[in-house]
Amino acid sequence: MVMVDLHCHLLPGIDDGSKSMEISLRLAKEATENGVTHALLTPHHMNGRYVNHKKDVIRQTKEFQKQINIYNIPLTVFPGQEVRINGQLLEALDKNDILFADTGNRYLMLEFPDDDVPYYTNQMIFDLQQRGIVPVIVHPERNTKIMAQPDLLYQLLEKGCLSQITASSYVGTFGKKVENFSRQLIKAGQGYIFASDAHDLPGRKYEMRQAFDKLQREFGDELSEQYQQNARLIINGESVQLNDLKSVKRRKKHFWLF
17 MVMVDLHCHL LPGIDDGSKS MEISLRLAKE ATENGVTHAL LTPHHMNGRY
67 VNHKKDVIRQ TKEFQKQINI YNIPLTVFPG QEVRINGQLL EALDKNDILF
117 ADTGNRYLML EFPDDDVPYY TNQMIFDLQQ RGIVPVIVHP ERNTKIMAQP
167 DLLYQLLEKG CLSQITASSY VGTFGKKVEN FSRQLIKAGQ GYIFASDAHD
217 LPGRKYEMRQ AFDKLQREFG DELSEQYQQN ARLIINGESV QLNDLKSVKR
267 RKKHFWLF
């Protein structure tokens, strides 16, 4: 059974992910123990701290695959980027410095700042879509602005974006609020895939198997298979069927009067 992880930071020493080749290989082994057979390596790019150019990521991915093969780890890796939305993104596309989830340059793994959805987001999404690009919004369940204003994500998905929920978010690694919001998004059809977003050991490890087991228990086998199938479709550059979206209600704050 093919299982694809579309978001992980296994390349060593190039961002806030794995710090060494030893950790990277341990993460690769952990990935396979979670059922992952193929992984898109997505170091941060253009996020204000890290820049990982396309040609460098391609070279480093080839080197990492050689190490994986030497240690007989049954994992196939592909070069990618977790691209921060920014004002220079279109220019970077023009310079051919952006990696996509697929070789046809259709699906872009797009990250927002942790606490914001920039004011120019709608225009950027429009510009990307005009180029035939489908943005995949990564880990929206951890974005504090989206948590406070869930309609921000709903509106982007209505425009044709996809979304990636982090497996660890859904199983509670980032706390109850993130876990509950992840469940709300899934229930509302506002999730399309799970990805590990694995960074390091022991704290940011693989929890894909736990997430899919939980998804099966709470939402059934069909949705679990759909999430896995969507990941395969994305990495192959094929069309993903859009979900029937429902809105997520904003949590009301309760004030006690004395």
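The sequence shown begins at 17 in my numbering and counts up by one.
For every residue, glycine included, the Cβ atom is placed at its ideal position computed from N, Cα and C.
Classify GLY207: buried if its beta carbon has 16 or more other beta carbons within 10 angstroms, exposed otherwise.
buried
In chain order, what residues of the same chain lie with their CB nearer than 6 Å to the CB of SER36, ignoring the 5 residues before and after it?
PRO28
Beta-carbon separation of ILE114 and HIS61 under 9 Å?
yes
Would you call the stretch 117-128 in contact with the stretch 79-89, where contact means no fewer than 3 C-beta pairs closer than 8 Å?
no
Looking only at its own chain, which residues have a Cβ that is under 7 Å from the Cβ of THR160, when we skip the five neighbours before and after it?
ASP130, ASP131
State the start and end residues of the unbroken alpha helix (DSSP H) segment that holds ARG75.
For ARG75, the enclosing alpha helix (DSSP H) starts and ends at 70-86.
Distance, ASN196 Cα to PHE94 Cα:
If you draw a straight line from the Cα of PHE94 to the Cα of ASN196, it is about 32 Å long.
Quick one: give me the first and last residue of the beta strand (DSSP E) that LEU217 is part of.
LEU217 -> no beta strand (DSSP E), and no H or E assigned at all.
Using the beta-carbon count (16 or more within 10 Å), is LEU273 buried or exposed?
Unreliable positioning characterises LEU273 in this predicted model, as indicated by a pLDDT of 48, which lies under 50. The coordinate reading is nonetheless provided below. By the 10 Å Cβ count, LEU273 comes out exposed.
Is any heavy atom in the ligand FAD found nearer than 8 Å to the beta carbon of PRO151?
Inclusion of the ligand FAD in the displayed structure is not the case, the ligand content being empty and no account of it being possible.
Give me whichever residues DSSP pairs with ILE209 in a beta bridge.
For ILE209, which the question treats as bridged, DSSP gives the partners GLN180.
To the nearest angstrom, how far is it from the Cα of ARG275 to the Cα of VAL20?
Residue 275 falls outside the range modelled here, since the chain spans only 17 to 274, and no answer is possible.
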